[in-house]
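K.L.:
The structure follows.
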Amino acid sequence: MLSFRKYFLFRRISKYIRKNLTAEPSHSAASFSRDFLDIMKLNEDIPEDEFCDEAPASAQISTGSPLHHPRPDAALSSPEYQQAAPAKAERGRHILSGPEKMDRIRSYVDSNYTRLGFSQRLQLYLRERDITTAMIYQRSFIDRKLISKILSSEDYHPSKQTVFALCIALRLNLEESREFLSLAGYTFSHHKKYDLIIEFLLDNQIYNIDAVNEILFHFTEPCFGE
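In the numbering used here, the protein residues as written are 465 to 690.
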């Protein structure tokens, strides 16, 4: 039987999930783009003579027909395009020129460029918080060999669940966790119940791995160390 404390905690998590869980975005547009690109790729293998400009006389379409499409190269060679192209190029040069605009770009890059990689940031957290790899294992059930691999290789890309486990083991708050996730190329997805549960736990500083696994098990989500 659940204690009152666990019962209300589970209710809070359920409410948080219902409030923040969003539907998966539609992939119809993306799938259409992929299909279109696949068709174009297939067409690249078709000999050029199969795309002859002149159709048989019986199938020719009159120039005045709404189905008639002018050739792209004809449009590019038109006087209107020739007059508009230099003006567009000049506008493009004007947008990219000027010390003020370049300073804005430089400032944006400097403020958003991450100098520390994921492995380096993990090493920094371990030093700052006096945490050993043995403590990481005890707090998250991450295999020590995996921890050593992450620490020794800047190119190693951990799974999202591993990063979540490290956030819990390092006792990171929600903002630190978001930044740590971004270094590995991840973010909290509100399309996934699992991500919302971890987000809730970190925001409420619930770091005990046994309690975390119990909560994940209650919501039929993968537990750490499985």
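C-beta atoms are modelled at their ideal positions from N, C-alpha and C, and glycine is treated no differently.
What residues in its chain sit with their C-beta under 8 Å from that of Ser571, if we drop five residues either side in the sequence?
P.N.:
none
K.L.:
Here's the rule: buried if 16 or more other CB atoms are within 10 angstroms of the residue's CB, otherwise exposed. What is Asp594?
P.N.:
exposed
K.L.:
Check whether the Cβ of Val627 lies closer than 8 Å to any Cβ atom in chain B.
P.N.:
Judged by its chain identifiers, the structure shown contains no chain B, having just a single protein chain.
K.L.:
Contact check, Leu666 vs Leu634 under 8 Å by CB: the rounded distance?
P.N.:
Not quite, the Cβ-Cβ distance comes to about 10 Å (not below 8 Å), so this is no contact.
K.L.:
Can you tell me whether Ile606 is buried or exposed, with buried defined as 16 or more other CB within 10 angstroms of its CB?
P.N.:
buried
K.L.:
Taking only the alpha-carbon atoms, compute the straight-line gap between Leu630 and Ile569 and give it to the nearest angstrom.
P.N.:
34 Å
K.L.:
Considering just the uninterrupted stretch of the alpha helix (DSSP H) at Asn484, what are its terminal residues?
P.N.:
468-484
K.L.:
Find the nearest neighbour of His654 within the set Leu647, Ile662, Ala648, judged by alpha-carbon distance.
P.N.:
Ile662
K.L.:
To the nearest angstrom, how far is the alpha carbon of Val627 from that of Ile600?
P.N.:
12 Å
K.L.:
To the nearest angstrom, how far is it from the Cα of Arg475 to the Cα of His682?
P.N.:
11 Å
K.L.:
Can you name the start and end residues of the alpha helix (DSSP H) that Tyr589 belongs to?
P.N.:
582-592
K.L.:
Smallest Cα separation from Val676: which of Thr486, Ile632, Arg642?
P.N.:
Ile632
K.L.:
Return the CA-CA distance between Asn484 and Lys609, expressed in angstroms with no decimal places.
P.N.:
36 Å
K.L.:
Since I believe Ala598 is in contact with His621 (beta carbons under 8 Å), could you give me their beta-carbon distance rounded to a whole number of angstroms?
P.N.:
The pair is not a contact, with the Cβ atoms about 24 Å apart (cut-off 8 Å).
K.L.:
Does DSSP put Arg603 in a helix, in a strand, or in coil?
P.N.:
helix
K.L.:
Note the first and the last residue of the continuous alpha helix (DSSP H) segment covering Arg642.
P.N.:
638-647
K.L.:
Specify the secondary structure class of Lys505 as computed by DSSP and reduced to three states.
P.N.:
The predicted position of Lys505 is uncertain, since its pLDDT is 46 and thus under 50; a value taken from the coordinates is nonetheless stated next. DSSP places Lys505 in helix when its eight states are reduced to three.
K.L.:
In this structure, how does DSSP classify Gln729 when only helix, strand and coil are distinguished?
P.N.:
Not covered by the structure: residue 729. The range shown for the chain is 465 to 690.
K.L.:
Could you tell me if Arg482 is buried or exposed, where buried requires 16 or more neighbouring beta carbons within 10 angstroms of its beta carbon?
P.N.:
By the neighbour-count rule (16 or more Cβ atoms within 10 Å), Arg482 is not buried but exposed.
K.L.:
Let me know the secondary structure DSSP gives Pro686 once reduced to three states.
P.N.:
Note: Pro686 maps to coil in three-state DSSP.
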